[in-house]
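Q:
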Amino acid sequence: MIKKAKIEDIKAIQKLINSFASKDLMLSRSLNELYENLRDYWIAEEYGKVIGCAALHISWDDLAEIKSVAVAKNKQGKGIGRKLISVCLTEAKELGAKRIFVLTYKPEYFKKFGFKRVKNSQLPHKIWAECINCCKFPNCKEIALLKTL
Ligand SMILES: CC(C)(COP(=O)(O)OP(=O)(O)OC[C@H]1O[C@@H](n2cnc3c(N)ncnc32)[C@H](O)[C@@H]1OP(=O)(O)O)[C@@H](O)C(=O)NCCC(=O)NCCS
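Residue numbering for the sequence shown follows my numbering, beginning at 192 and increasing consecutively.
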């Protein structure tokens, strides 16, 4: 079941994200960051357990971002990631976003959903402000992709 995250889900979300982040597959998230952005997060739940997550973050007047897409290793390949991305795209449209981007190490995955690779410079300066606090800065290998909604 795909649903909005609640406070009680945050520790499980962090565990899921950081299990992949520790293998350098995605960026880690602190508890502080997750609590503050709780309302961005969707989860996939099975028998009361968090098995997937994705976040939709509004960046600018016409621009949204999909962040932190993760599906538990033993639940991958069953369309859960697709459902999480789909719900984020729908929410972005409902909120009035015209474009949506993602910064990822898995560009091929997001191309499946109509995202196209863009130069980092095509995204507004504002989104790079967050990067300064990242432990990967300035050697980030994330790739920017953009989709028109
Ligand atoms: C990437 C990830 C979110 C995919 O989730 P998933 O639930 O396994 O994906 P789905 O089953 O919904 O796959 C949807 C489609 O994408 C394809 N796909 C899955 N992983 C892919 C990848 N790494 N590259 C390209 N395509 C991929 C699937 O084959 C499927 O294609 P189909 O519809 O033509 O059959 C998951 O593997 C994961 O959590 N990985 C670790 C964290 C990570 O890398 N996150 C990436 C974002 S930063």
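Every residue, glycine too, gets a C-beta built ideally from N, C-alpha and C.
Just checking residue 259 against ligand 1 - is the residue's beta carbon closer than 8 Å to any of the ligand's heavy atoms?
A: yes
Q: Whose CA, out of 274, 337, 320, 325, lies closest to the CA of residue 288?
A: 337
Q: Going by the C-beta, is residue 306 closer than 8 Å to any heavy atom of ligand 1?
A: Taking 8 Å as the cut-off, one finds no heavy atom of ligand 1 near enough to the beta carbon of residue 306.
Q: Going by DSSP, name the residue or residues bridged to residue 274.
A: Per DSSP, none; premise fails for residue 274.
Q: Find the nearest neighbour of residue 241 within the set 217, 200, 318, 253, judged by alpha-carbon distance.
A: 200
Q: If we ignore side chains and look at the alpha-carbon of each, how far apart do residue 215 and residue 333 end up?
A: 11 Å
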